[in-house]
Amino acid sequence: MENSITPGSTFEVAYPFVRCEVEVMTDDGLNTIQSWKPGHQEDEYGEPFAHGEGKMILDVVDVFQPGLRTDIPGYPHKKYPKRVFYLRRFVTPDGVEFGKTGLRIATEAVFKRIAGGYMHEYEVA
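If you're matching positions, the sequence shown starts at 65 in the numbering used here and goes up one per residue.
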């Protein structure tokens, strides 16, 4: 991982997207439109594929290690793993950005796996 995990750092990784149908309410009533959904599908042989490739963007808000106290002599310095607080956004293959604004939390090891890219191999069909 070329970036260090520090507050304010951003990680961008390629992410697969599949086409899906979504029902939306318009002035004419309920309409079905084509949209993008993050993730992959499997073909009839069980091979993973995606209809397009977009991005997942991770914005690090803060990094914290519980139990790390230097003001108390003899206090355990690495009792708990380091936590990364971050926000996640997606960019579809069409360039539309979306994502929930909720703060997410992961240990540093898990965050490195997430920021390393999509967890499965896939082909863009």
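Think of the CB as a built atom: it goes at the ideal place given N, C-alpha and C, for glycine as much as any other residue.
From a predicted model like this one, the values you see are computed outputs, not experimental measurements.
Exposed unless 16 or more other CB atoms sit within 10 angstroms - verdict on residue i
| i | result |
| --- | --- |
| Phe162 | exposed |
| Phe128 | exposed |
| Leu122 | buried |
| Val188 | exposed |
| Met120 | buried |
| Val124 | buried |
| Tyr79 | buried |
Endpoints, beta strand (DSSP E) assigned at residue i
| i | result |
| --- | --- |
| Pro71 | Run containing Pro71: none; DSSP gives neither H nor E here. |
Three-state secondary structure assigned by DSSP to residue i
| i | result |
| --- | --- |
| Tyr79 | strand |
Beta-carbon gap between residue i and residue j smaller than 9 Å
| i | j | result |
| --- | --- | --- |
| Ala179 | Phe75 | yes |
| Val86 | Gln98 | yes |
| Val155 | Ala170 | no |
| Arg152 | Arg177 | no |
| Glu172 | Pro145 | yes |
| Gly181 | Pro157 | no |
3-residue-minimum beta strand (DSSP E) runs that sit fully inside the segment 97–184, ordered along the chain: Entirely contained in the segment 97–184, the beta strand (DSSP E) runs reaching 3 residues are, in chain order, 112–114, 116–128, 147–155 and 168–171.
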